[in-house]
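If you read the protein sequences in the order shown, they are chains A and B.
With this note's numbering applied, the first sequence covers 1107 to 1311.
With this note's numbering applied, the second sequence covers -8 to 235.
Glycine is no exception: its CB is placed at the ideal position from the N, C-alpha and C atoms.
In this text, all values refer to a predicted model and were calculated from it rather than measured experimentally.
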Amino acid sequence: MAKTETYVLAAKIAAHLHYATKVAEQLSLTAKNAHAVSARAGQQASGFRAITSFIEDLASTTITQASLISNNAVNISMLATNRERTNRALQHFLKVRRSAHDAAHIQSIDGPTAITQKQLRQLDEAFRDQLWQLELQLEETQQQIRAAAIISSTSKVEASQAGSFKPQLEVIATNIANAADQIKQHLQSAQQLLVEATDDLHHHY
Amino acid sequence: MKVHKLASSAKTQWLMFGRDPNKPDKIIDTNQYLLRAGQRALLMDPGGIELFAPMLAAVLREVSLEELTDLFASHQDPDIISSLGLWDQALPEATLHSPWLWEGFIRHFGMNNITYNPIADTGGVINLGGVEIEMVPAHYLHSSGNFHIYDPHAKVLMSGDVGAALEDINAPMEVDNFDQHIPKMRKFHQRWMPSNRAKLDWINRVRQMDIDIMAPQHGRIFTGDNIQRFLDWFEGLEVGVAVS
Chain A
1107 MAKTETYVLA AKIAAHLHYA TKVAEQLSLT AKNAHAVSAR AGQQASGFRA
1157 ITSFIEDLAS TTITQASLIS NNAVNISMLA TNRERTNRAL QHFLKVRRSA
1207 HDAAHIQSID GPTAITQKQL RQLDEAFRDQ LWQLELQLEE TQQQIRAAAI
1257 ISSTSKVEAS QAGSFKPQLE VIATNIANAA DQIKQHLQSA QQLLVEATDD
1307 LHHHY
Chain B
-8 MKVHKLASSA KTQWLMFGRD PNKPDKIIDT NQYLLRAGQR ALLMDPGGIE
42 LFAPMLAAVL REVSLEELTD LFASHQDPDI ISSLGLWDQA LPEATLHSPW
92 LWEGFIRHFG MNNITYNPIA DTGGVINLGG VEIEMVPAHY LHSSGNFHIY
142 DPHAKVLMSG DVGAALEDIN APMEVDNFDQ HIPKMRKFHQ RWMPSNRAKL
192 DWINRVRQMD IDIMAPQHGR IFTGDNIQRF LDWFEGLEVG VAVS
């Protein structure tokens, strides 16, 4: 049985992904800014300019994926809520089966009980499947953020070689590093919550 | 959950459920009514989520779930119909008759299977295998979209919150001394009923009906002369008093 908190865990995962999307939107702006500055810097920042398109691509992919995962997490939360409600009906039916065992028409609860049990099994299956997909999607996004860490160190090196544009590009490089770090933190938190939700699932099913 | 045989005619039988001794303290006590007509049954104002299990157990002592084909919710309040999400799982083939005005709200209680029959403002009829039961408009008494149930066969009017009283769950089922009952009803009607005009409109229509039993959703039922006494008292009562 899913713990009561499962839908809360899924909603929290969705919130972390939402924050990651917001940071990625900032990162996209930073990348556009970096592109403009390095264009102005011309030859002095040719190395930096080359990596700005990578950053833009990365930001754009992160926005798309994080939004998708966030939506999926909301769906999981709704599924968990539905499961909770279905299970509550089942518990009531079982309780009535025990407490009113002598009622003349008690056997008529057996049909709805069987249907509710079947629905629960179907919900469990869908729930397991969606959690597994969420795990894959989070891992994929995390890998892209690892790439961002490499880009951010490269951008620092390139910034230090950009002559008079060095201070400006160094700030941009730091912003890129911070954004990547924040996204990474949100993804890690989401992964931890997912582990908790999956543990509950394994424990209860 | 106590069960009381309320009335019967050649076509219909009425049961009253309530005075649940296991009810949590802070929730209001409610009367639920079951009308049986042949192999069909109608459950009126099935109650809140807290009452679902005792209600289901009590209902199964009287009818099977296959026979319980119709639900009625006089209005949208939680003590009337917040158990809907659970009945929905127990009675997937049933129809819920309720004011059209509240459909979008009542569905928030959870309804994936049951069919919603939106009652028009002018009222309507529930046909239980050829036995017709009337849904009588009672708007603004107290909800802005509100109906009562009238069974012309057994001459019972299920009057929702009209005639309701807040009292101990050990109180008798029936009003015995009307004058002593007034203090238990006065504040409830003055505060919960918002419109003197709606009140008079309802009283005028109810006076035309042939009623042996008036059965509210809280408190005791009215029989015999006490029905007339109630209508006279209600007619003279100033309602909507929260706005001075």
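- In the three-state reduction of the DSSP assignment, Glu58 of chain B falls in the coil class.
- Relative to Leu148 of chain B, the option among B:Leu191, B:Asn103, B:Tyr24 whose CA is nearest is B:Tyr24.
- For Thr1158 of chain A, the closest C-alpha among the options A:Asn1139, A:Gln1171, A:Leu1174, A:Thr1167 is that of A:Asn1139.
- Put simply, the backbone Cα of Gln80 of chain B is about 29 Å away from that of Lys1118 of chain A.
- Residue range 1216 to 1266 is occupied by the alpha helix (DSSP H) that includes Thr1219 of chain A.
- Arg1155 of chain A places its beta carbon 7 Å or farther from that of Ser1166 of chain A.
- Against chain A, the beta carbon of Glu57 of chain B has neighbours under 7 Å at Ser1214, listed in chain order.
- For Gly76 of chain B, the chain A residues whose C-beta falls within less than 7 Å of its own C-beta are Arg1191, listed in chain order.
- Contact between His144 of chain B and Lys2 of chain B holds, since their C-beta atoms are separated by about 4 Å, short of 8 Å.
- Where Trp78 of chain B is concerned, there is no enclosing beta strand (DSSP E), although the alpha helix (DSSP H) around it starts and stops at 75 to 81.
- The stretch 34 to 47 of chain B makes contact with the stretch 60 to 78 of chain B, as at least three CB pairs between them are under 8 Å.
- For the pair Gln1149 of chain A and Glu1162 of chain A, the Cα-to-Cα distance works out to about 21 Å.
- Around Arg52 of chain B, the beta-carbon contacts reaching into chain A at under 9 Å are Ala1206, Asp1208, Ala1209, Ala1210, His1211, Ile1212.
- Between Thr1112 of chain A and the set A:Arg1191, A:His1124, A:His1207, the nearest pair of CA atoms involves A:Arg1191.
- Of the candidates B:Arg220, B:Val234, B:Gly210, B:Asp167, the residue whose Cα lies closest to the Cα of Ile19 of chain B is B:Gly210.
- Here Met205 of chain B carries a strand assignment [DSSP, helix/strand/coil].
- Excluding residues up to 5 positions away in sequence, Met(-8), Val(-6), Phe8 lie with their Cβ nearer than 7 Å to the Cβ of Ala49 of chain B in the same chain.
- In the displayed model, Gly1269 of chain A falls within a helix according to three-state DSSP.
- Proximity to Ser1258 of chain A across A:Asn1284, A:Asp1306, A:His1141 peaks at A:Asn1284, based on C-alpha coordinates.
- Residue pairing by DSSP places Leu1300 of chain A opposite no residue, since no beta bridge is assigned to it.
- Of the residues B:Gly154, B:Glu53, B:Glu84, the one whose Cα lies closest to the Cα of Ala129 of chain B is B:Gly154.
- Only exposed fits Val1301 of chain A, as fewer than 16 other CB atoms lie within 10 angstroms of its CB.
- Within its own chain, the residues whose Cβ lies closer than 7 Å to the Cβ of Gly115 of chain B, once the five positions on either side in sequence are excluded, are Met126, listed in chain order.
- Within chain A, the C-beta atoms nearer than 7 Å to that of Ala48 of chain B come from Val1202, Ser1205, Ala1206, Ala1209, in chain order.
- Secondary-structure assignment with DSSP links Ile110 of chain B through a beta bridge to B:Pro90.
- DSSP lists no bridge partner for Ser1159 of chain A.
- Contact holds between the stretch 1194 to 1206 of chain A and the stretch 1217 to 1229 of chain A, because three or more Cβ pairs, one in each stretch, are under 8 Å apart.
- Going by beta carbons, Ile1175 of chain A and Gln1223 of chain A fall outside the 7 Å limit.
- Against chain B, the CB of Ala1186 of chain A has no partner CB under 7 Å away; the residue lies outside that interface.
- His180 of chain B and Asn217 of chain B have their C-alpha atoms some 17 Å from each other.
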